[in-house]
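> Below you will find the structure I want to go over with you.
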Amino acid sequence: MNPDKIDTSREAAGAEAPQGGTAPATAGSPGGEQPASPPAPAKRQVELRGLSAYYGDHQAVKHVGLYFAATDVTAIIGPSGCGKSTMVRCVNRMHEEIPGARAEGEVLLDGGDLYGPDVDVVAVRRAVGMVFQKPNPFPTMSIFDNVASGLRFTGTARGEVDDRVRKALSEAGLWEEVKDRLGKPGLGLSGGQQQRLCIARALAVDPEVLLMDEPCSALDPVATLRIEELIGELKQRVTIVIVTHNMQQAARVADTTAFMLGGELVEVAPTDKVFTNPDDERTEQYVTGKFG
Amino acid sequence: METRVQYQEELEQLEASALGGLDLVSAALSRTLEAIEHQDVELAQIVVADDDRIDGRYLEVHQALITLLATQSPVATDLRLISALLHVLKNVERMGDQCVNICKLIPLSGNEPPSDEEMVKLILAMGAQTKTLISQAKRAFADRDVELARDLVRQDDVVDDLNRDCFRLALEIGDDADRREWAMTMLLAARAIERIGDNSVDIGEQVSFVVTGLFQEFEDASHPSA
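Protein chains in written order, with the numbering used here: chain S, 1005 to 1296; chain D, 2 to 227.
Structure below.
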């Protein structure tokens, strides 16, 4: 992302301390106050401060403070309607696209507030990619054009597009399967391949963060495993936040797991702790299947 | 949610079955002590044969717990409970084996062994104390009572002291070869009872794990504090 587009000048006045399993920014700063002269924020790290989201009068996300570490996969779990999807949609400012919806608080990427006054929303969405529940390749486009579509908007030189498409498809683990039919429609691929095509499309514009909202819920177990392996490979390059109903999936892929309930962040901790010895009784009840 | 309710009930039943294994062990130990007291070879043979029941309990509950792991993906407290129950079962099975070990020794000393009354008394006292440990371990687990579980260490010290007394008695048993042989056999029995006490303390450590999520050895045999 172009740093000029991100306003880094805003103070975190009154913002809630973010929670996070491995957050260097919060460690040693009791009360959640920022250190007087913060070190340069690590690349690709995301911080939510006092984030609230509304649909009209209904508050779906309530003052959430959370930290997504750069090389970690963070899973967001919680029952339907707990605000987990809404919360991640605030990270790339998609939430505000819904009529009557708005968000309050701060979402910081590399220390810059994505909700700052001069921020270009298009730049935000390029820096923060998203993959949805149902694979949604552009139906009229070929495999190649699906991946290249984002590049056209970023002014990528024509000669560079081929390389970028190939790189993105390779990163998404799809290149070998599609290299001989790049001109064929994206919809001709299997469900799992379509989802990896969508991941390639998101990766092509070189995002810093990848949000995945139930990326495997429409896939069979083999395609699911393929995506989960891919997540493990991609986390070296992009910060990954995955919303999932499947707790076993969270346990398999995530380094950190956050549990939400009724719009509030209940607990965030290293994944093994959440699934062996959670601190909060509500987390315990949810992960053991006693409600939700 | 119906299947989840069923799963919870099943887990509760399996806990009851695993802990019920301790009652089987306690009964086996009672008979073992009686066999020692009266040099009852037949009763000893019954204990050996009856160990199949303890092994059967082990296999049955162990398999059911593995099935729950495979089908219900338990996490958090449920996962810790299942892990702890697997430990409990292993200890139950070993305690049963110790009773068998003792009972296999009894015929070796013959029909009219040159026994020493004081040593038999010590071994019976060890056995009685160990039975207290077994029932206390069971209660601590069922009630998730960490304090009661920790108290097992103190109770076990009594068994250890009696075991040392046995050893001293054996040293002073005299020059008669038959008597010395009998005393050696009884020392092996005392040692087996002492191990049953240790198994009870191990079960107590699992109580602490279920409750706190952290495994703590109540006593570290390889790094004793004193």
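Backbone N, C-alpha and C define an ideal beta-carbon position, used for all residues, glycine too.
1) For Asn112 of chain D and Glu13 of chain D, what's the separation of their Cα atoms in angstroms?
2) Shorter than 7 angstroms from the beta carbon of Thr1292 of chain S to some beta carbon of chain D?
3) Would you kindly report the start and end of the unbroken beta strand (DSSP E) that includes Val1111 of chain S?
4) Counting Cβ pairs, one atom from each stretch, are 3 or more of them under 8 angstroms apart for the stretch 1208-1219 of chain S and the stretch 1131-1151 of chain S?
5) Measuring only the C-alpha atoms, how far is Phe216 of chain D from Ala1255 of chain S?
6) Would you kindly work out how many angstroms separate the C-alpha atoms of Ala1105 of chain S and Asp1259 of chain S, rounded to a whole number?
7) Do Met1251 of chain S and Lys1088 of chain S have their beta-carbon atoms positioned less than 7 angstroms apart in this structure?
8) Let me check one thing: in DSSP terms, what residues is Ile1244 of chain S bridge-paired to?
9) Taking all protein chains shown into account, decide if Lys132 of chain D is buried (16 or more other Cβ within 10 angstroms of its Cβ) or exposed.
10) Note down the Cα distance separating Val1125 of chain S from Ile1102 of chain S, rounded to an integer number of angstroms.
11) Helix, strand or coil, according to DSSP, for Tyr1119 of chain S in the structure here?
12) Taking 7 angstroms as the CB-CB cut-off, is Ala85 of chain D touching chain S?
13) So, does the CB of Gln1197 of chain S fall closer than 7 angstroms to a CB anywhere in chain D?
14) Taking Val212 of chain D as the reference, which of D:Leu170, D:Gly198, D:Phe142 and D:Ala193 has the closest Cα?
15) Using CA atoms only, rank isn't needed, just tell me which of S:Leu1112, S:Ala1064, S:Arg1053 and S:Tyr1059 is closest to Gly1267 of chain S.
16) Are Pro1141 of chain S and Gln1198 of chain S touching if we call contact CB-CB under 7 angstroms?
17) With burial defined as no fewer than 16 other Cβ atoms inside 10 Å of the residue's Cβ, what is the status of Thr33 of chain D: buried or exposed?
18) Which two residues bound the contiguous alpha helix (DSSP H) that contains Ala138 of chain D?
19) Any beta carbon from chain D within less than 7 angstroms of Leu1223 of chain S's own beta carbon?
20) I want to know whether the stretch 102-122 of chain D touches the stretch 40-52 of chain D - three or more CB-CB distances under 8 angstroms.
21) Going by the CB atoms, is the gap between Arg180 of chain D and Gln99 of chain D shorter than 7 angstroms?
22) With three or more C-beta pairs closer than 8 angstroms as the rule, is the stretch 51-67 of chain D touching the stretch 1275-1293 of chain S?
23) Does any residue of chain S have a CB that is nearer than 7 angstroms to the CB of Arg145 of chain D?
24) I want to see whether chain D comes within less than 7 angstroms of Thr1026 of chain S, judged by CB atoms only; does it?
25) Please classify Leu1234 of chain S: does DSSP put it in a helix, a strand, or coil?
26) For the alpha helix (DSSP H) that contains Lys1066 of chain S, what are its first and last residues?
27) Using the C-alpha atoms, what's the distance from Glu61 of chain D back to Asp52 of chain D?
28) Determine which residues share a DSSP beta bridge with Phe1308 of chain S and list them.
29) Please go through the stretch 1147-1179 of chain S and give each complete alpha helix (DSSP H) segment of 4 or more residues, from N-terminal end onward.
30) Going by beta carbon distance, what residues of the same chain come within less than 8 angstroms of Gly21 of chain D, once the five residues before and after it are set aside?
31) Determine the direct distance from the alpha carbon of Tyr1071 of chain S to that of Thr1160 of chain S, and round the result to whole angstroms.
32) Helix, strand or coil for Glu1181 of chain S per DSSP?
33) Is Thr72 of chain D buried or exposed, if buried means 16 or more other CB atoms sit within 10 Å of its CB?
34) Mind listing the chain S neighbours of Thr33 of chain D? Cutoff is C-beta to C-beta under 9 angstroms, in chain order.
35) Please list the terminal residues of the continuous beta strand (DSSP E) segment that includes Gly1054 of chain S.
36) Counting beta carbon pairs with one atom in the stretch 170-185 of chain D and one in the stretch 144-162 of chain D, are three or more of them shorter than 8 angstroms?
Once the coordinates are examined:
1) Near 46 angstroms, if we compare the C-alpha coordinates of Glu13 of chain D and Asn112 of chain D.
2) At least one chain D Cβ lies under 7 angstroms of Thr1292 of chain S.
3) For Val1111 of chain S, the uninterrupted beta strand (DSSP E) segment begins and ends at Ala1105 to Leu1113.
4) Result yes; three or more Cβ-Cβ pairs closer than 8 angstroms.
5) If you take the alpha carbons of Phe216 of chain D and Ala1255 of chain S, they lie about 21 angstroms apart.
6) Rounded to whole angstroms, Ala1105 of chain S to Asp1259 of chain S spans 31 angstroms at the Cα level.
7) With contacts defined as CB atoms closer than 7 angstroms, Lys1088 of chain S and Met1251 of chain S fail to qualify as a contacting pair.
8) The partner list for Ile1244 of chain S (beta bridge, DSSP) reads S:Val1077 and S:Leu1214.
9) So Lys132 of chain D ends up on the buried side.
10) The alpha-carbon atoms of Val1125 of chain S and Ile1102 of chain S are separated by roughly 15 angstroms.
11) In this structure, Tyr1119 of chain S counts as coil in the three-state DSSP scheme.
12) Closer than 7 angstroms: no.
13) Output row for Gln1197 of chain S: interface = no.
14) Looking at D:Leu170, D:Gly198, D:Phe142 and D:Ala193, the one whose alpha-carbon comes closest to that of Val212 of chain D is D:Phe142.
15) It is S:Ala1064.
16) Yes.
17) With 16 or more Cβ atoms within 10 Å of its Cβ, Thr33 of chain D is classed as buried.
18) Per DSSP, Ala138 of chain D belongs to the alpha helix (DSSP H) from Glu118 to Asp144.
19) No, no contact with chain D.
20) Counting Cβ pairs under 8 angstroms, three or more are found: they touch.
21) Remark: C-beta atoms of Gln99 of chain D and Arg180 of chain D do not approach each other more closely than 7 angstroms.
22) At 8 angstroms Cβ cutoff, the stretches do not touch.
23) By this cut-off, Arg145 of chain D is not an interface position.
24) Any reading at Thr1026 of chain S needs caution, since the residue's pLDDT is 48, under 50, leaving its predicted position unreliable; the model's value is listed next. Judged by the 7 angstroms Cβ criterion, Thr1026 of chain S is not in contact with chain D.
25) Residue state, collapsed to three classes: helix.
26) Premise fails: Lys1066 of chain S lies in the beta strand (DSSP E), His1062 to Phe1072, not in any alpha helix (DSSP H).
27) About 14 angstroms.
28) The question about residue 1308 of chain S has no answer here: the residues shown for chain S are numbered 1005 through 1296.
29) The DSSP assignment places complete alpha helix (DSSP H) segments of no fewer than 4 residues inside the stretch 1147-1179 of chain S at 1147-1157 and 1162-1175, in order along the chain.
30) Close CB contacts of Gly21 of chain D within its chain, under the 8 angstroms cut and outside five residues either way in sequence, are with Arg58 (chain order).
31) Between the C-alpha atoms of Thr1160 of chain S and Tyr1071 of chain S there is a straight-line separation of about 32 angstroms.
32) In the three-state DSSP reduction, Glu1181 of chain S falls in the helix class (H, G or I).
33) So Thr72 of chain D ends up on the exposed side.
34) Those within 9 angstroms of Thr33 of chain D in chain S number zero; the least Cβ separation is about 38 angstroms.
35) In the DSSP annotation of this structure, the continuous segment of the beta strand (DSSP E) that includes Gly1054 of chain S starts and ends at Val1050 to Tyr1059.
36) Under the Cβ criterion (8 angstroms, minimum of three pairs), the stretch 144-162 of chain D does not count as touching the stretch 170-185 of chain D.
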